[in-house]
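Undergrad: Sharing a structure here in structure tokens format.
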Amino acid sequence: MATEELPPYPQMILRAIEALNSGNGSNKSTISKYIESTYENLPTGHSSLLTLHLNMMKASGELVFWKNNYMKRDPSAAPRRGRGRPPKPKEQREPPNATKAVKMKVSSGTGKPRGRPRKLPQPVTTTALPPPSGRPRGRPPKVKALLTEVSVL
């Protein structure tokens, strides 16, 4: 919303905080009153634009929000850390057209091949199977009781 008469909102906000020079910062209403008294021809949505720019400046770290007051960030203070665990550092990739070194195959030294050994086919021998017993396989069937006939009239 910067025009020839109005500077950009972040610049107006920083000037207001510097001019008010309160020890514990300035709240949104005092910043708004200062901007309204200093600058003329403000847009109709001034309060919503002010809120939007204050939130953007707070998120970017230009302003510190503490106890409902906005303050300029201390330049000597450490920068704010983001939420969560920081990402692992990425490894440097080689350019795709660089020549790659040929890796020599290193033997493990045991001389044994990897994995399960093959099953060698055994010669087929015909052995006599034991004769089957007289019982069938598995659990015997349940014995059903004989039902008596009842006539239904």
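Reminder that position 144 of the sequence shown reads as 144 in full-length UniProt numbering, one-by-one numbering, no gaps. C-beta atoms are modelled at their ideal positions from N, C-alpha and C, and glycine is treated no differently.
Take residue 67 as the anchor and find which of 7, 141, 26 and 132 has the nearest alpha-carbon.
TA: Indexing the sequence shown from 1 puts residue 67 at position 67. Nearest of 7, 141, 26 and 132 to residue 67, Cα basis: 26.
Undergrad: Thinking C-alpha only, which one of 81, 92 and 56 is nearest residue 11?
TA: For the purposes of this step, residue 11 is taken as the residue at position 11 of the sequence shown. Minimum Cα distance to residue 11 is reached at 56.
Undergrad: Grab me the residues of residue 32's own chain with a C-beta within less than 6 Å of its C-beta, minus the 5 sequence neighbours each way, in chain order.
TA: Translated into the one-based positions of the sequence shown, residue 32 becomes position 32. So the qualifying residues of the chain are 50.
Undergrad: Are the beta-carbon atoms of residue 41 and residue 5 separated by less than 8 Å?
TA: Residue 41 sits at position 41 when you count from the first residue of the sequence shown. Residue 5 sits at position 5 when you count from the first residue of the sequence shown. Against a cut-off of 8 Å, the Cβ pair of residue 5 and residue 41 comes out as a contact.
Undergrad: Can you check whether the CB of residue 34 is closer than 8 Å to the CB of residue 20?
TA: Locating residue 20 in the sequence shown gives position 20, counting from the first residue. Locating residue 34 in the sequence shown gives position 34, counting from the first residue. A contact, by the Cβ cut-off of 8 Å.
Undergrad: Using CA coordinates, which residue listed in 75, 54, 78 and 76 is at the minimum distance from residue 69?
TA: Locating residue 69 in the sequence shown gives position 69, where the first residue counts as 1. Residue 69 has its Cα closest to that of 54, out of 75, 54, 78 and 76.
Undergrad: So residue 34 is in the alpha helix (DSSP H); what residue range does that whole segment cover?
TA: The residue given as residue 34 occupies position 34 in the sequence shown. Run containing residue 34: 28-38, per the alpha helix (DSSP H) assignment.
Undergrad: My assumption, with CB atoms under 8 Å, is that residue 91 sits in contact with residue 73. Please give the rounded CB distance.
TA: Along the sequence shown, one-based indexing puts residue 91 at 91. Along the sequence shown, one-based indexing puts residue 73 at 73. With 8 Å as the limit, residue 91 and residue 73 do not qualify as a contact, their Cβ atoms being about 34 Å apart.
Undergrad: Could you give the residue range of the beta strand (DSSP E) that holds residue 63?
TA: To locate residue 63, count along the sequence shown from 1; it is residue 63. Counting along the chain, the beta strand (DSSP E) containing residue 63 begins and ends at 63-66.
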